[in-house]
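Numbering (our numbering), first residue to last: 625 to 1024.
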């Protein structure tokens, strides 16, 4: 769904405050860039093998035996069966972590997952999938427990309905009913990473370096760099002490100049959004403290923020963060990256041409507060120096 402003509505928009600027530039979910990555996993044909292997009226014990055998021969089936019965990834791995920590282990392991009951360590579904691989005694016991869990969660009932459908009907049910929720959750994460990629690409186009170096090529797998809040230098992750950022931008000497948080929310941010906004305020205080005592070096906190999800709780999330950032950018205002880097002396912007199909004259003038005095604001039809490189970022083109 496009949310480009009609001429009549464009005149209503205001960018005078940070909050009004955010909502003027906000993108709908479909307009947010999406990082490359695996989408929701399709159901394996192995599901059909379960149907063929046993009559569904043969009882829970026989069905559990068949599911157990299928899990051992195809450990990845654990993900597909979860989808089929409508279990979230988190619900299943929490249930299994609990059950495994209360089931006797194999060999010298105290429990099946190796954790004592009073420790209750959370394990991902990939952990259980790995345990099923290899045909070990531990894997066989794990398969038996997981199969019984799936039967108790109603896999038999779902398979009974599924078996009555034609191949075409099965495909429709999976595409329209089974996968959408999983796909939406997966897509929301990828859109957040997609916005970070576009930010990193803008920094790269403007000739500056950033970390992690593979942010553009491997957005879903690149690890977030951690920073020591006392020195604002790279550090090993230390829970409760270091802070991780989605992108770091260095100055000409290789020092951290900009710490970037990627906080795109295309749906309700919930408590996570509240916690992240509180952490953002805390980080800004730490940066201000560092800058006050540091000589000849300063650090800024930037935010890559966007998405309509913040409308669920403006005061508790986005409004607090906007006031904490030195600079915030959205996909439509990505040109602010170049203007802010110019002010830091990290790149040279000669001129800017705003997209007047998006901005009203009043909103454009308000956004000019971000334009440094030595950067020319071009009028419609103006011809910049042909030697300048054009960099289009959001609703403006920079000439560098």
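Ideal Cβ placement from N, Cα and C applies to all residues, glycine included.
- Going by C-alpha positions, residue 911 is about 20 Å away from residue 898.
- In this structure, the straight-line span from the alpha carbon of residue 980 to that of residue 639 is close to 14 Å.
- With respect to the C-alpha of residue 901, the residue from 876, 927, 890 having the closest C-alpha is 927.
- When C-alpha distances from residue 954 are compared across 710, 659, 820, the shortest belongs to 820.
- Comparing alpha carbon positions, the residue from 978, 634, 645, 1024 closest to residue 931 is 645.
- In the three-state scheme derived from DSSP, where H, G and I count as helix and E and B as strand, residue 1002 is classed as coil.
- Using a 10 angstroms sphere on the CB of residue 654, the tally of other CB atoms stays under 16, which defines it as exposed.
- In the structure shown, the three-state DSSP call for residue 636 is coil.
- For the region 678-762, the continuous alpha helix (DSSP H) assignments of 4+ residues that do not extend past its boundaries occur at 684-697, 701-708, 713-724, 749-756, in sequence order.
- In terms of Cα proximity to residue 813, the closest of 895, 888, 635 is 888.
- Taking 8 Å as the upper bound for CB-CB distance, residue 890 and residue 815 are in contact here, some 6 Å apart.
- Scanning 962, 712, 702 for the CA closest to the CA of residue 772 turns up 702.
- If you look at residue 780, you'll find it in the alpha helix (DSSP H) that goes 779-787.
- Taking residue 695 as reference, the option from 850, 751, 763, 650 with the minimal CA-CA separation is 763.
- Residue 1006 counts as exposed, since fewer than 16 other C-beta atoms from the protein chains shown sit within 10 angstroms of its C-beta.
- The C-beta distance from residue 886 to residue 870 rounds to 4 Å, short enough to fall under 8 Å.
- Taking a contact as a CB-CB distance under 8 Å, the pair residue 674 and residue 744 does not count as one, their CB atoms being some 31 Å apart.
- By the beta-carbon neighbour count (other beta carbons within 10 angstroms, threshold 16), residue 896 is exposed.
- Here the alpha carbons of residue 775 and residue 687 stand approximately 7 Å from one another.
- DSSP, reduced to helix, strand and coil, places residue 880 within a strand of the structure shown.
- When DSSP assignments are scanned along the region 951-1017, the uninterrupted stretches of alpha helix (DSSP H) that are 4 or more residues long and fall wholly within it turn out to be 960-967, 985-991.
- Per the C-alpha coordinates, the member of 856, 1019, 1004 positioned closest to residue 918 is 856.
- If you draw a straight line from the Cα of residue 1013 to the Cα of residue 840, it is about 21 Å long.
- Here residue 961 is near residue 826, since their CB atoms are less than 7 Å apart.
- Under a 10 Å Cβ-count criterion, residue 908 is classified as buried, with 16 or more other Cβ atoms of the shown protein chains found around its own Cβ.
- In its chain, beyond the 5 residues on either side, 988, 1020 have a beta carbon closer than 6 Å to the beta carbon of residue 978.
- DSSP places residue 796 inside the alpha helix (DSSP H), whose first and last residues are 791-797.
- Counting of Cβ neighbours within 10 angstroms places residue 858 among the exposed residues, the total staying below 16.
- Restricted to the region 864-917, the beta strand (DSSP E) segments that are unbroken, complete and at least 3 residues in length are 871-874, 880-888, listed in chain order.
- Here residue 832 is buried. Its C-beta has 16 or more other C-beta atoms within 10 Å.
- Taking 7 Å as the cut-off, the beta carbon of residue 699 is found no closer than this to the beta carbon of residue 635.
- In this structure, the alpha-carbon of residue 966 lies about 16 Å from that of residue 834.
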